[in-house]
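Down below is the structure, laid out as C-alpha cells.
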Amino acid sequence: MAEIRLPKVEQGQTKIRNVPIAVTPEGFWCCPSPVGFQKTLKSQKPLNKPKPSSPPPQVTAHKKQIPVTEKKPMTTPIKPTGTYGDQRTFTPVNHGISAPVVPERVLRPKVEHVPRNVAIEYGEPGTSDMKVILLGKQGFCVKLSVHKKVLMEHSCFFTDKLSGQEPGLSCLEIDDCEDVESYVETVGLMYCKEMKQRLIKQSVSRVLRILKVAELLGFNSCIQSCLEYLEAVPWVGEEEEDKVVSSVLRLQGEGIGVTPVLKRISSNVTNPPNDTISHIMELVLKSNEERGRREMKSVVLKLLRENNSLPSYGGPADVCNETVYTLSRSCLDSLLSLFKQAVELESSDKSMDSREPVVKQIALEADNLSWLLEILADRQSADEFALMWASQQELATLHSKLPIVSRHHVSCITARLFVGVGKGELLPAKDTRQLLLQTWLQPLINDYNWLQHGCRSFDRKVVEEGIGRTILTLPLEDQQSILLTWLGSFLKAGDNCPNLQRAFEVWWRRTFIRPYSDAQGNVPQSDSSMASKQQD
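Residue numbers for the sequence shown follow full-length UniProt numbering, beginning at 1 and rising by one.
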C-alpha cells in the first residue's frame, strides 16, 4: 500500500490552488480518463500562449512591470458551467496566475511548473468532515472531500487508519498512488447505492483497475460487484482474457471467492473425457456440407497443432493418436467398400447419375483420410498409417479398374505419404517404404497428369522430390529396379509422368561413379603403406 500520513489541517491552511469540483446526486464523481487530468492543464495554457491572431500587447516605457510574486489570487466563486447526465461538472478556476501585462515571451511559465491540483467533493456540498489527499506518481495531487463515516463503513483500510484517532484529525494523505484516477473512482463507488449500474458502462480494463484499488482498500462490496461484472461481460481477445484471469487468480490466492468467474475457463473435471476429441472428429468426418466440413477441418487441425506445442501433452496425445487411427481404419474400410461398389457399377454399364453418389463418397472418404494423415504427420505419428496404406493391395488393384475422375483423390494420399517420407516427417521401416512404392507408385504415375491439372493443392515439384528421396532410402538394388521401371514410363509419357531425374542422377553416381572414386582413393593409401614397409 502507498505511504500514509495523517496531518491535521489547520484553519486557513490551503494545499490546493486549482479547484474543479464534481458532484452527483448520489455523491459519485465519474472520474475522467488521464486525458481529463491533462485538460486541467490545457485550461491554463491560454494564459501561457497567446492566440496567433491577436497582436502582442504594446508596452510603454513608463508602465510598471508587475512581478509574478505580487499577483493575488482571484476570489470569484465557482459556478457550474454545464451538465453531463446526472453529473454536475464545474470548470477549474485559476487562483495562482492573473493576466500578465508584460509581453508574453517574458512571463511565460514552464509547463512543469503549472500546478496539477484537483479537488473533488462527494455527497451534499459542504457536508464533508474529512479530506483525503492523493499524491500520484504522475504528478497529480487530488484532494477528496469525503465523509469519515462512509469510508469506515465500506473500507477495512480506512477503518484501520481512522479508528481510534483523535477527533480533530480530519486529513489523510496517501503518497505514491499508482493510479489516482482509479482511487478517485473507487472512493466514489462508496457513495453509490447501485454499483452495478455504474460499472456496466465501463470497459473491462477499467473495472480491473477499480478491482485492484478495491482490493487494496478492503472494499469488499466493490470487489464483489467487479467480480459479478467480469463474470457476465464478454472478454475480447486473449490479452484481455489473460488480464482478467491473472487478476482473479490473485484474489483467489487471498481467499476471496472467485469461482463463478473462473468457471468460464476451467472445468470441475480434471481431465476432459477421452471421447470428446473423437466425437468432434466424427462430426467433422460425417458432415456432408462441403464448406463447413472444409473450414472445421482447418480449425481442428490448427487447434491440434497448438496442443502439440505444449510440453506436457504426452497423455492426451496418445489418446488422440488412438482416436485418429481408429477413425482412419474406419475410413479405409468405407473407401474399399465404395471402390467395390464403383467397380460393379462400371461393369454393369449403369448411367452416370447412378454412379455419381458413389464417386462423391469416394472423394469424401479420400479427403477424410488425407486430413487424418495430416494430423498424424503433425504429431510425428504417421508411421503406422504408412504401413496401413502400403498394405492396401486390393484397393490398389481396384484402382486401375475405375475411371481416373473417380479414383484420382486416392493418389493424393499416396503423394502426401511420399512427401512425408522425403521430408523426414515419417520414418517407416525399410520394408514399409519398399511395399509403399511397389503398391502405389504406378497408380500415382497413372493419375499424374490429372493431378497436375485437376487438383489445385497438388505441388508437382514437392511430390517429385518426395518420391525421389523415398526411392533413394532403399538399398541400391531396389533403387535400380524402381528407377528403371520409372524410366520406361517417363520416356513414353514425358510431362504426364513424375520427373525423377534428380533421383536418377544420384542413383547413377552411386552405381557407376562412387565405386570407382572409392577405389581410386584407396590406391594412394595402399601405395604409401607399401613404401613405408619397404623403408623399414
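Built from N, CA and C at the ideal position, the CB exists for glycine as well.
Throw me the rounded Cβ distance for the residue i and residue j pair, which I believe falls under 8 Å.
i: A366; j: I413; result: 6 Å
i: V463; j: F418; result: 7 Å
i: D176; j: K137; result: 6 Å
i: T485; j: V421; result: Not really, about 19 Å apart at Cβ, beyond 8 Å.
i: E121; j: S155; result: 18 Å between Cβ atoms; not a contact.
i: T432; j: L387; result: 5 Å
i: A377; j: E425; result: 5 Å
i: G466; j: R502; result: At roughly 12 Å, the Cβ-Cβ gap does not stay under 8 Å, so G466 and R502 are not in contact.
i: N368; j: L285; result: 5 Å
Would residue i count as contacting chain C if we go by Cβ distances under 9 Å?
i: V299; result: Absent from the structure: chain C. Only one protein chain is present.
With respect to the beta strand (DSSP E) encompassing residue i, which residues constitute its N-terminal and C-terminal limits?
i: G136; result: M130 to G136
i: D176; result: C171 to C177
i: L144; result: C141 to V146
i: I256; result: Unbroken run through I256: none, as it is neither H nor E.
i: E121; result: N117 to E121
Rounded to the nearest angstrom, what separates residue i and residue j at their Cα positions?
i: V236; j: K212; result: 20 Å
i: H408; j: V324; result: 23 Å
i: C331; j: S203; result: 49 Å
i: S298; j: N117; result: 57 Å
i: E344; j: N446; result: 21 Å
i: Q393; j: L437; result: 12 Å
i: P357; j: S370; result: 20 Å
i: K360; j: I375; result: 23 Å
i: D275; j: E173; result: 60 Å
i: W508; j: R416; result: 26 Å
i: I385; j: E241; result: A small correction: the amino acid at residue 385 is Phe; Ile does not occupy that position in the sequence shown. Going by the C-alpha atoms only, they are around 39 Å apart.
i: L402; j: L444; result: 14 Å
i: N307; j: A429; result: 28 Å
i: Q520; j: R510; result: 15 Å
i: residue 557; j: Q434; result: Because the chain spans 1 through 536 in this model, residue 557 falls outside it and cannot be assessed.
i: residue 559; j: A232; result: Residue 559 lies beyond the range of the chain shown here (1 to 536); nothing can be said about it.
i: T89; j: R264; result: Residue placement at T89 is poorly supported in this model, since its pLDDT is 35, which falls under 50; the coordinates still yield a value, given next. Their Cα atoms are separated by approximately 40 Å.
i: I423; j: S205; result: A quick correction: the sequence has Lys, not Ile, at residue 423. Distance between the alpha carbons of K423 and S205 is about 47 Å.
i: F339; j: R305; result: 32 Å
i: F157; j: I277; result: 50 Å
i: E346; j: G292; result: 31 Å
i: S267; j: V258; result: 14 Å
i: I280; j: L301; result: 12 Å
i: I513; j: S309; result: 45 Å
i: G494; j: D353; result: 35 Å
i: V341; j: R460; result: The identity of residue 341 in the sequence shown is Gln, whereas the question assumes Val. For Q341 and R460, the distance between alpha carbons rounds to 31 Å.
i: L476; j: S348; result: 45 Å
i: K193; j: S246; result: 29 Å
i: residue 624; j: L427; result: Residue 624 cannot be examined here, being either before or after the span of the chain that is shown, 1 to 536.
i: K161; j: E124; result: 24 Å
i: A396; j: D518; result: 41 Å
i: F219; j: M296; result: 46 Å
Can the beta-carbon of residue i be found closer than 9 Å to that of residue j?
i: V142; j: Y183; result: yes
i: L398; j: L336; result: yes
i: L372; j: S328; result: yes
i: R379; j: N288; result: no
i: Q479; j: L472; result: yes
i: S170; j: D129; result: yes
i: S406; j: I362; result: yes
i: L216; j: L230; result: no
i: I404; j: W450; result: yes
i: N499; j: Q452; result: no
i: I482; j: L491; result: no
i: L251; j: I223; result: yes
i: V180; j: L151; result: no
i: I210; j: E185; result: yes
i: L283; j: P260; result: no
i: A225; j: K243; result: Correcting the residue type first, residue 225 is Ser in the shown sequence and not Ala. In this structure, K243 does not lie closer than 9 Å to S225 by Cβ.
With respect to the alpha helix (DSSP H) encompassing residue i, which residues constitute its N-terminal and C-terminal limits?
i: E289; result: Neither: E289 is in no alpha helix (DSSP H) and is coded neither H nor E.
i: T159; result: C156 to L162
i: S182; result: V180 to L189
i: I210; result: V204 to L217
i: G126; result: Careful: G126 lies outside any alpha helix (DSSP H) and carries neither H nor E.
i: K196; result: M195 to L199
Please list the segments of the beta strand (DSSP E) lying wholly inside the segment 359 to 429, counting only runs of 3 or more residues, in order along the chain. none
Complete runs of the alpha helix (DSSP H) confined to the segment 456 to 529 [at least 4 residues]: 460 to 472, 476 to 493 and 501 to 508
Which parts of the segment 218 to 246 are runs of the alpha helix (DSSP H), unbroken and 4 residues or longer, counting only runs that do not cross its ends? Here the runs fully enclosed are 220 to 232.
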